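The structure appears right after this line, and notes come after that.
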Amino acid sequence: MEDCLAKKMEITVSEAEKRTGRNAMNIQETYTAYLIETRAVESQNEGQCAPVESLWRRYSEFELLRNYLSVTYPHIVVPPLPEKRADFVWHKLSADNMDPDFVERRRIGLENFLLRVASHPVLCQDKIFYAFLMQEGGWKEMVNETGFQLKADSRLKALNATFRVKSPDKRFTELKHYSDELQSVISHLLRVRARVADRLYGVYKVHGNYGRVFSEWSAIEKEMGDGLQSAGHHMDVYAASIDDILEEEEHYADQLKEYLFYAEALRAVCRKHELMQYDLEMAAQDLTSKKQQCEELATGTVRTFSLKGMTSKLFGQETPEQREAKIKVLEEQIQEGEEQLKSKNLEGRDFVKSAWADIERFKEQKNHDLKEALISYAVMQISMCKKGIQVWTNAKECFSKM
Amino acid sequence: MEAEGRVPRPALPAVGEGPGADSHLDAGALGTAQGPLLAAEVLALDDEEDDLEVFSKDSSLTEVNSFSPSVPISPSSMINQYKFEDGPELRDLFITVDDPESHITAIETFITYRVVTKTTRGEFDSSEYEVRRRYQDFLWLKSKLEEAHPTLIIPPLPEKFIMKGMVERFSDEFIETRRKALHKFLNRIADHPTLTFNEDFKIFLTAQAWELSSHKKQGPGLLSRMGQTVRAVASSVRGAVKNRPEMFTEMNNYMETFSQKINLLDKIAHRIYKEERDYFNEMKEYGPIHTLWSASEEDVAESLKGVASCIDRCCRATEKRMAGLSEHLLPILHEYVLYSEILMGVLKRRDQIQGELDSKVDALANKKTDKDLFSEEIGKLEDKVERANNALKADWDRWKQNMQWDMRSTFTNVAENNLRYYEE
């Protein structure tokens with residue numbers, strides 16, 4: 001396996017900044033720009049630190065990069081970008097794109113995206129990607145010059161193919177089902193998680209009221225006073241602890257979200273396959289019908305009902321010369337068609353092979369990542385419980401001293 | 001005047017050794033007939049409120065009453081109140097309230113509860129009693145106790161209706177909550193050094209249904225109760241009592257703040273319960289999603305199933321925590337909310353009595369005639385007030401100790417529950 005870019009270079013998205021500027025329609029707008037820093041990784045022996053190169057990019061440029069990659073490498077499961085707008089928020093989080101927490105999480109997501117592309121054996125070698133990281137000016141033009149937009153399949157075509165394709169590779173059909181299930185289950189999970197977080201927040205925060213009332217109450221008590229006061233303090237600690245806990249959980253949610261969006265990437269690959277397969281089937285069909293026509297003309301038998309047959313019956317047969325000419329044209333077309341079919345077949349098979357290879361790679365990555373995410377979630381829960389135990393043990397002590 | 005009488009036995013509340021039956025009814029009837037305006041004996045009291053001693057004379061007080069009836073016996077008895085010990089080993093009266101049953105008559109439907117009493121006390125004819133009582137009977141008992149001891153702290157009864165929750169009057173939850181509260185009510189009375197010997201209390205515990213209703217009818221009736229209300233209104237119109245001793249002003253202030261705080265705590269606890277319930281409801285959905293997901297995965301399936309089962313365990317732990325809350329913390333907080341109301345009432349009544357005293361003193365200052373008569377009355381009133389004060393103070397301290405202990409144990413309980421929750 002070739003050396004991935006990620007191994008040769010450190011990539012970070014280190015900062016985010018609010019900018020104002022004029023957009024394509026010359027309207028003033030505010031956007032956030034992200035600083036991408038790259039540094040070549042020197043081998044250990046040299047012991048020197050290479051200089052850091054950096055440039056600023058905004059979210060729309062990331063989108064452009066991704067679109068380019070998806071079109072140029074349709075057989076690859078291209079890593080997804082973090083969400084454009086905040087979704088699955090629970091009430092404390094704002095849905096504002098400018099909110100610093102959101103920006104921060106997006107920064108991490110963008111960094112993750114770059115790292116994933118850089119560690120992909122195929123994608124990391126792409127020149128446009130490299131330029132994205134290194135070349136500030138003129139990158140957009142460079143991308144557009146590749147003319148990738150023309151290569152993009154129309155949505156309508158793809159939809160049509162999905163419905164009409166007769167015998168797609170079974171594995172892809174299964175994969176499509178899987179990605180649908182994955183998407184639905186993850187989004188459901190995220191929704192419920194957001195609600196659970198909301199409720200948990202409520203429980204903790206109301207305990208904070210205890211703190212206040214306890215301390216007010218302790219003012220009028222004599223023997224109970226001290227105990228109450230310190231217990232109240234612990235209640236406040238308890239109530240405050242939920243903020244950190246839930247912030248950590250957001251990271252977990254983001255990890256799951258990435259795979260939610262990955263499902264879409266999977267579906268894109270499946271669609272491409274279906275499109276190619278449909279194309280192939282259409283070409284084959286076309287060829288068959290042409291061959292049939294040829295045969296009919298040559299032998300003069302009308303095997304299938306056709307308008308031509310009818311008209312010739314009604315209006316008389318063609319002259320032998322005309323027929324000869326037609327046959328010749330058809331034979332040429334058949335020749336072309338057969339060649340095309342062959343190459344399409346080859347293309348199709350290649351696509352399936354390379355796509356499936358990448359899908360296997362993706363599966364492994366996914367399993368690994370999900371396991372890690374679940375483990376870290378469990379660790380988070382344990383630490384939350386430990387904190388809870390601590391607080392309530394302290395509180396219990398205070399209470400028993402009352 | 002020093003009391004003559006027996007040496008009180010240190011540990012047990014003094015049990016009257018005298019004859020039983022007649023004095024029972026006498027004392028009871030007299031006690032109630034005369035209401036709060038008993039022509040009280042002047043009792044010499046110790047200065048230490050907590051160690052009021054009572055000697056029960058043979059012919060009279062088989063019922064220890066802070067107002068000794070004007071039975072022509074030795075005018076001086078000292079009321080012996082021992083410091084309340086929390087230990088159950090010293091109890092000789094065990095009461096349980098259980099087994100609610102609904103009765104349907106032509107006019108109404110109501111619930112009765114079984115009250116079982118076990119005792120080793122002499123004045124009870126047998127050692128075990130089982131009777132059925134309904135809520136109205138409890139109300140009756142409470143009002144009798146209040147009449148007899150206006151300045152003692154009578155434990156609260158569960159409310160007639162609950163406004164907040166849409167709880168049907170006969171829902172199981174409501175009945176169970178009420179049963180527990182009634183059980184507590186009777187036990188608190190039993191544990192109270194004075195109230196436990198109240199005659200009406202005893203009748204409540206032992207009399208059969210028909211006996212009870214006939215006894216009820218013997219009450220002082222509407223008139224005296226109205227009189228009391230009128231006086232109450234009059235005194236409140238008069239405004240704050242002038243000569244209220246410092247101690248009671250403090251108590252009053254304390255009670256106001258306390259009542260505020262305890263109400264807040266009650267609200268907070270209810271809110272927490274509600275939030276936890278919502279949390280629990282959401283959690284219920286959370287676990288199964290993971291199981292669903294594991295169906296589409298191969299490699300990660302095990303981990304997902306693991307997470308699902310942990311989440312379910314969390315759910316169960318949350319359930320336990322909620323149950324703990326509703327069983328322990330909420331009822332106690334509620335009880336103390338009611339208590340704070342009661343205490344305010346008691347303080348008011350004390351003020352009332354004091355007010356009477358004051359007005360009589362004023363009257364004396366104005367009229368020079370009938371001095372002797374007045375001074376005797378005044379003397380009696382003064383003593384009454386003082387006794388009331390002292391009884392209140394003693395009870396108050398007792399109550400506070402109880403409360404502290406209750407609060408402590410309740411919150412410790414909550415803390416423990418939470419610990420258990422987190423450990424799971």
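Here the protein sequences line up with chains A and B, keeping their order.
Under UniProt numbering, the first residue of the first sequence is numbered 1, with each subsequent residue one higher.
Under UniProt numbering, the first residue of the second sequence is numbered 1, with each subsequent residue one higher.
Positions of the beta carbon are idealized from the N, C-alpha and C atoms, including for glycine.
Quick caveat, the model's predicted, so the values are computed rather than measured.
* **Interface residues of chain B facing A/HIS207 [CB-CB closer than 7 angstroms]** => What A/HIS207 touches in chain B: ILE272.
* Own chain partners of A/SER179 with C-beta closer than 6 angstroms, once the 5 adjacent residues on each side are dropped -> ALA263, LEU266, ARG267
* Among A/GLY208, A/SER70, A/LYS84, which has the Cα closest to the Cα of A/TYR31? -> A/LYS84
* **Reduced DSSP secondary structure (H/G/I, E/B, other) of B/GLU123** => Reduced to three states, the DSSP call for B/GLU123 is coil.
* Take A/VAL165 as the anchor and find which of A/HIS273, A/SER241, A/LYS257 has the nearest alpha-carbon. => A/HIS273
* **Chain-ordered chain B contacts of A/ILE220 [CB-CB under 9 angstroms]** => ASN253, TYR254, THR257, PHE258, LYS261
* List the residues of chain A whose Cβ lies closer than 8 angstroms to the Cβ of B/GLU275, in chain order. => ARG199, GLY202, VAL203, VAL206
* To do: For B/ILE342, decide whether its Cβ has a neighbour in chain A, counting only Cβ atoms nearer than 8 angstroms.
  => no
* Write down the C-beta distance between B/ARG121 and B/ASP99 rounded to the nearest angstrom, noting that I regard them as a contact closer than 8 angstroms. => Their Cβ separation, rounded to whole angstroms, is 24 angstroms, which puts B/ARG121 and B/ASP99 out of contact at 8 angstroms.
* For B/LEU93, which residues from the same chain have a beta carbon less than 6 angstroms from its beta carbon, with the 5 sequence-adjacent residues on both sides left out? -> THR119, ALA190
* Using a Cβ-Cβ distance under 8 angstroms, would A/TRP56 count as near chain C? -> Looking at the structure shown, chain C is missing, and the protein chains on hand are A and B.
* Where does A/ASP126 fall in DSSP's three states? -> Shown here, A/ASP126 sits in coil according to DSSP, grouped into three states, outside any helix or strand.
* Continuous alpha helix (DSSP H) stretch holding A/VAL71: start and end -> 59-72
* If we cut at 8 angstroms on Cβ distances, does A/ASN192 have a partner in chain B? -> A small fix is needed here, since residue 192 of chain A is Val in this sequence, not Asn. A/VAL192 counts as touching chain B.
* Could you tell me which of A/LYS366, A/ALA284, A/GLU372, A/GLN381 sits nearest to A/ILE334, measuring between CA atoms? => A/ALA284
* To do: May I have the straight-line CA-CA distance separating A/LEU287 from A/THR299, to the nearest angstrom?
  => The alpha-carbon atoms of A/LEU287 and A/THR299 are separated by roughly 18 angstroms.
* To do: Would you decide whether B/ARG316 is buried or exposed? Buried here means 16 or more other CB atoms lie within 10 Å of its CB.
  => exposed
* Considering only residues of the same chain and omitting the five flanking positions on each side of A/LYS205, which have a CB-CB separation below 6 angstroms? -> Counting only Cβ-Cβ distances below 6 angstroms, and skipping sequence neighbours, we find ALA239.
* Asked: Under a Cβ-count criterion, where at least 16 other Cβ atoms within 10 Å of its own Cβ denotes burial, should A/ASN209 be classed as buried or exposed?
  -> buried
* Asked: Looking only at DSSP bridge pairs, what is A/MET9 linked to?
  -> A/ALA40
* **chain A contact for B/MET322 (CB, 8 angstroms cutoff)** => no
* Proximal residues of chain A, C-beta to C-beta of B/ASP299 below 7 angstroms -> ASN367
* Beta-carbon neighbours of B/VAL307, restricted to chain A and to distances below 8 angstroms -> LEU374, TYR377, ALA378
* Asked: Mind checking A/ALA325: buried by the 16 CB within 10 Å criterion, or exposed?
  -> exposed
* **Assigned secondary structure, A/ASP169 (DSSP; H/G/I helix, E/B strand, else coil)** => coil
* **Interface flag, B/GLU285 vs chain A, CB-CB below 8 angstroms** => yes
* Decide if A/LEU346 is buried, meaning its Cβ has at least 16 other Cβ atoms within 10 Å, or exposed. => exposed
* Any beta-carbon of chain B closer than 8 angstroms to the one on A/TRP356? -> no
* Asked: In three-state terms, what does DSSP make of A/HIS75?
  -> coil
* Asked: Excluding five sequence neighbours on each side, which residues of the same chain lie with their C-beta closer than 6 angstroms to the C-beta of B/VAL116?
  -> THR96, GLU130
* B/TYR336 versus chain A: which residues are under 7 angstroms apart at the beta carbon? -> In chain order: nothing, as chain A lies at least about 11 angstroms away.
* To do: Say whether the segment 186-206 of chain A touches the segment 273-280 of chain B, bearing in mind that this needs 3 or more beta-carbon pairs closer than 8 angstroms, one atom from each stretch.
  => Three or more pairs of CB atoms, one per stretch, sit closer than 8 angstroms, so the segment 186-206 of chain A contacts the segment 273-280 of chain B.
* To do: Can you grab the Cα-Cα spacing for the pair A/VAL143 / A/ILE108, in whole Å?
  => 25 angstroms
* Cβ contact (3+ pairs, closer than 8 angstroms) linking the segment 286-302 of chain B and the segment 233-247 of chain A -> Segments in contact, no.
* Measure the C-alpha to C-alpha separation of B/PHE258 and A/LEU190 and round it to an integer number of angstroms. => Roughly 44 angstroms separates the two Cα atoms.
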